[in-house]
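K.L.:
Sequence positions in the sequence shown follow the numbering used here and run 350 to 548. Beta carbons: idealized from backbone N, C-alpha and C, even for Gly. Note that the structure is a prediction, hence the values are computed from the model and not measured.
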Amino acid sequence: MPQGQPSVVPDDGLTTRQRRNRPLVVVHTGVGKGKSTAAFGLALRAWNQGWPIGVFQFVKSAKWKVGEENALRVLGASGEGGSVAWHKMGEGWSWVQRDAQMDNEDKAREGWEQVKRDLAAETYRLYVLDEFAYPMHWGWVDTDEVLDVLRHRPGNQHVVITGRNAPEKLVDFADLVTDMSKVKHPMDVGQKGQRGIEW
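(1) Using a 10 Å radius around the Cβ and a threshold of 16 neighbouring Cβ atoms, would you call I546 buried or exposed?
(2) Would you check if the distance between the CB atom of F481 and the CB atom of T527 is smaller than 8 Å?
(3) Rounded to the nearest angstrom, what separates L393 and G460 at their Cα positions?
(4) Between H377 and V509, how many whole angstroms is the CB-CB distance? I'm expecting something under 8 Å.
(5) Could you tell me if R369 is buried or exposed, where buried requires 16 or more neighbouring beta carbons within 10 angstroms of its beta carbon?
(6) Does the beta-carbon distance from F407 to L475 come in below 8 Å?
(7) Say whether the stretch 482–501 touches the stretch 516–531, bearing in mind that this needs 3 or more beta-carbon pairs closer than 8 Å, one atom from each stretch.
(8) Judging by CA-CA distance, which residue of V490, A434, A395 is the nearest neighbour of R458?
(9) Which one or two residues does DSSP pair with W435 in a beta bridge?
(10) Indicate whether A388 and G431 have their beta-carbon atoms separated by less than 8 Å.
(11) V380 and K533 look like a contact to me (Cβ under 8 Å); what is the Cβ gap, rounded to whole Å?
(12) Identify every residue that forms a DSSP beta bridge with D528.
(13) Between M438, G390, Q398, which lies nearest to A420 when the distance is taken from Cα to Cα?
(14) Quick one, are the C-beta atoms of H436 and Q398 less than 8 Å apart?
(15) Can you tell me the Cα-Cα spacing of S364 and V357, whole angstroms?
(16) Could you check if V433 is buried or exposed, using at least 16 other CB atoms within 10 Å of its CB as the buried criterion?
(17) Please identify the residue among R500, L373, Y483, D537 whose C-alpha is closest to the C-alpha of N556.
(18) Using alpha carbons as the reference points, say which of G428, E429, S385 lies closest to G416.
(19) Which residues bound the alpha helix (DSSP H) around L468?
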């Protein structure tokens, strides 16, 4: 298996192994499609390594059955890889319906409180905080608090945060940031989302 070579080796006193295995904060942001999809791809890799995975969906509807949820639940229950826990915080709203159901602000805060408890307890090895950039962008969850919690999380816990408009402070803090840009999308010519592609 080919392995990437770092372009810089910092003088931080860590061994190569210590530096290689340190826990990461990953951010997938931007206006293009694929932010959550990429995060769930990481979850598949984590499952294969036997890591316990916690998925926290902050925007997508609790009633919306996305394909990744079904697949990861089946894999988690198979006993072959890591366990998978799936938590839904929203009640059917999205970034285009932000003003429709403001009670979701409380649900986002409750979700963040649960993430904080799980990080403190080292419940999972990989956390997928799906669409969590939105509650920070809207001021529902304090970005400085999020960064403080992530900075001081114990153990070896990786955290992936998805969503448009990731706050600049989060982008600066994260170890790995991908900005998904849109070149073309079927919706640009009037085609709605379809099964197997969007969900």
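P.N.:
This is what the structure holds:
(1) I546 counts as exposed, since fewer than 16 other beta carbons sit within 10 angstroms of its beta carbon.
(2) In terms of Cβ geometry, F481 and T527 do not form a close pair [threshold 8 Å].
(3) Approximately 23 Å between the Cα atoms of the pair.
(4) Contact between H377 and V509 holds: their C-beta atoms lie close to 7 Å from each other, under 8 Å.
(5) In this structure R369 is exposed. Its beta-carbon is surrounded by fewer than 16 other beta-carbon atoms within 10 angstroms.
(6) Contact: no.
(7) The stretch 482–501, when compared against the stretch 516–531, does touch it at the 8 Å Cβ threshold.
(8) Among V490, A434, A395, the Cα nearest to that of R458 is on V490.
(9) As a beta-bridge residue in DSSP terms, W435 pairs with V404.
(10) In this structure, G431 does not lie closer than 8 Å to A388 by Cβ.
(11) The beta-carbon distance between V380 and K533, rounded to whole angstroms, is 12 Å. This is too long to meet the 8 Å contact definition.
(12) D528 is bridged to T378.
(13) When only C-alpha atoms are compared, the closest one is G390.
(14) No. Outside cutoff.
(15) One point to set straight first is that residue 364 is Thr, not Ser, in the sequence displayed. Straight-line Cα distance between these residues: approximately 14 Å.
(16) Within 10 angstroms of the beta-carbon of V433 lie 16 or more other beta-carbons, which makes it buried.
(17) Residue coverage of the chain in this structure runs from 350 to 548, which leaves residue 556 outside it and unanswerable.
(18) Checked all of G428, E429, S385; the closest Cα to G416 is S385.
(19) 453–470 is the extent of the alpha helix (DSSP H) around L468.
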